[in-house]
Every structure is written in structure tokens, then in C-alpha cells.
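Comments concern the structure below.
Residue numbers (my numbering): 2 to 291.
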């Protein structure tokens, strides 16, 4: 009887990290690249294996001057073009590997310019937000995406819609702590207005330059932090006149500093990372990935 084939991801090293509690799995496949199927991501994300919110998979660079091309998978196996907390994690690992504080990555969302500061905080240039309804994307033409009423959710008031490499809907509410994030987030993620689903944020101002934020991430559910959502919220707050262009966004996992640079429109996100543990993927971890 022939032996069952060994999953090509078996015996590959991994690093488990988090950015403000946003659980990140890093797979560096630059030396021997293989595909990470959706089923493999779901198998690894099981609570008894390596539960994560996003997996950052590093492939050989496609563009000169970059450290790697990054593919991002959510815990449900779906792809994401951007993950701010995950980008900080791989930037910290790359700085540790090379001894240089600066690293440049390429993702589906574009180039990600990263700097590990002397205090260990990691700054990422997340690029420029996109506001056109086709770029977010939305299912229909919306002339002004800064304030949109979502059919069926009129009681929440207008939402601010923006792409930070992935689609975001930001609702400004009186008290983000009082929102039923699971119920509303799950429903809004799959609303017909969002053909590629959306990350759903509930934000409230606690000071002229501070925002409290809770996030439901598409493909991952409620998370302790979401870097792109913090960027989308900072941009939306400034865009709607609620704040200036630099704010501190407080998530359940901690604070992120968000600055929407006026010179070129890019969003800078700064925050911490934490190394949890490293190991090797075993065949047993992947046994439900067939």
C-alpha cells in the first residue's frame, strides 16, 4: 500500500508573533517556495494547532530592492492584500535577520516601506488610501464615500468607506465599547454593498487626537487589533473633520500611532510587535488540509 503523500508545507519553519494581540503566523518560503492552499491555512488556524488571524507568507522578491513578496491569508483561508500588524511583524524579523532597521516588502497592495525604530516600535508606510467606489470596491456607484448610509443599518448612521489595500467601513458611534461587534460586524462584512466583503470598524473619539476602535475583520472575525482598520479610521476621522491628520488609535490590544502625511497622502502606522514562539510545521498540523 502506497504511503500517503506528505504535505509540502510539512517540516517548514514558522514563527508565531502578534501585533497588539493581532495573532500573526509567519512562514518564510523564500528559500523553497510552495503554495499555501486555503485548506492548509484553515488547518493550521485550528484552535488546537496554531490559531492565527493572518498568515504572512514570504516568497522570493519579484522587484529589485525588496526583501520579499508577501502573500497574506486570513484564518478562513481567504486572501487579503494588506495587513498592517503582520507587516510590522515581518519587518521586525527581517531587521533581526539582516541587522538593518529598514526593510521594503511587496504585497498585492503595493510596496510596504518599514522602519524598526531604536525603541523597538515599527513604522510602516501603508501607502495612500483610496476613496473611489470602484477601488474600495463597492457594488454600485457612490459619489461621496466619506459618508454613506448602508441599507438595513440606517440606525448606525453614515459610514466612511475607504480602501487601505483592503475594503473598510468605519462607523463613528457614541461609544465603541457599547457596540455588539460580533453581531453587526458579521452581518455587515457580507452586506451586498461589499462585493469582496469588508472590514467593519466601530470608532468613538475619546479626545481631539485619540480614537477608541473595535474591529470585525473579514475572514478572521473580531480581532484584538487591525492595522489597516486603524489606518482607515484615522483617515476617515480626518476626512470627515473629526480630527487632524495624526491620531492615536486605541484597540483592545493597545495603541497605534496613525499619521496621514499631507505631502504625499501616505498613511504611516507605528506600533509594537511581540515574538511568541518558533517551531516547525508537522504533518499532523496539516492533516486536515487535504
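Even glycine gets a Cβ: it sits at the ideal position worked out from N, Cα and C. As the structure is a prediction and not an experimental result, all values here were calculated from the model.
Can you give me the C-alpha to C-alpha distance between residue i and residue j, rounded to a whole angstrom?
| i | j | result |
| --- | --- | --- |
| residue 154 | residue 23 | 27 angstroms |
| residue 125 | residue 91 | 11 angstroms |
| residue 286 | residue 44 | 7 angstroms |
| residue 12 | residue 132 | 43 angstroms |
| residue 242 | residue 263 | 15 angstroms |
| residue 218 | residue 7 | 32 angstroms |
| residue 147 | residue 199 | 15 angstroms |
| residue 38 | residue 83 | 18 angstroms |
| residue 117 | residue 89 | 8 angstroms |
| residue 185 | residue 215 | 12 angstroms |
| residue 81 | residue 270 | 18 angstroms |
| residue 277 | residue 145 | 43 angstroms |
| residue 135 | residue 151 | 17 angstroms |
| residue 35 | residue 57 | 14 angstroms |
| residue 283 | residue 85 | 28 angstroms |
| residue 266 | residue 166 | 14 angstroms |
| residue 120 | residue 65 | 29 angstroms |
| residue 143 | residue 129 | 20 angstroms |
| residue 137 | residue 10 | 33 angstroms |
Leaving out five residues before and five after residue i in sequence, what residues of the same chain have Cβ atoms less than 6 angstroms from its Cβ?
| i | result |
| --- | --- |
| residue 189 | 201 |
| residue 181 | none |
| residue 14 | 281 |
Run the CB neighbour count on residue i, radius 10 Å, all protein chains shown included, and call it buried at 16 or more, exposed below.
| i | result |
| --- | --- |
| residue 172 | buried |
| residue 169 | buried |
| residue 195 | buried |
| residue 164 | buried |
| residue 29 | buried |
| residue 220 | buried |
| residue 161 | buried |
| residue 230 | buried |
| residue 3 | Residue confidence is low: residue 3 scores 41 on pLDDT, short of 50, so the model does not pin down where it sits. Its coordinate-derived value is still stated next. With fewer than 16 other Cβ atoms within 10 Å, it is exposed. |
| residue 176 | exposed |
In this structure, does DSSP put residue i in helix, strand or coil?
| i | result |
| --- | --- |
| residue 243 | coil |
| residue 97 | helix |
| residue 236 | helix |
| residue 189 | helix |
| residue 201 | strand |
| residue 286 | helix |
| residue 43 | helix |
| residue 10 | coil |
| residue 146 | coil |
| residue 51 | coil |
| residue 182 | helix |
| residue 30 | coil |
| residue 104 | strand |
| residue 131 | strand |
| residue 1 | Residue 1 is absent from the model: the chain starts at 2 and stops at 291. |
| residue 67 | coil |
Ignore the nearest five residues each way along the sequence and tell me which others in residue i's own chain have a CB closer than 8 angstroms to its CB.
| i | result |
| --- | --- |
| residue 53 | 17, 24, 25, 26, 45, 46 and 76 |
| residue 275 | 18, 19 and 20 |
| residue 255 | 21, 22, 226, 272 and 273 |
| residue 174 | 157, 158, 180, 203, 204 and 205 |
| residue 61 | 31, 34, 69 and 70 |
| residue 279 | 14, 15, 16 and 17 |
| residue 187 | 217 and 222 |
Ordered along the chain, which non-local residues of its own chain (more than five positions away) have a Cβ less than 7 angstroms from that of residue i?
| i | result |
| --- | --- |
| residue 95 | 68 and 104 |
| residue 193 | 140 |
| residue 261 | 235, 236, 239, 246 and 268 |
| residue 224 | 23, 54, 216 and 218 |
| residue 232 | 85, 127, 165, 259, 268 and 270 |
Segment contact, 8 angstroms Cβ cut-off, at least three pairs: the segment 70-82 with the segment 92-101: Counting C-beta pairs with one atom in each stretch, the segment 70-82 and the segment 92-101 have fewer than three that are closer than 8 angstroms, which means they do not touch.
Contact between the segment 108-116 and the segment 48-55 (3+ Cβ pairs under 8 angstroms): Three or more Cβ pairs closer than 8 angstroms define a contact, and the segment 108-116 falls short of that threshold against the segment 48-55.
contact_flag[the segment 244-259, the segment 194-211] where n(CB pairs < 8 angstroms) is 3 or more: Touching, per the Cβ criterion.
The segment 62-73 contacting the segment 226-239, beta-carbon criterion three pairs below 8 angstroms: Judged by Cβ distances under 8 angstroms, the segment 62-73 makes no contact with the segment 226-239, as fewer than three pairs qualify.
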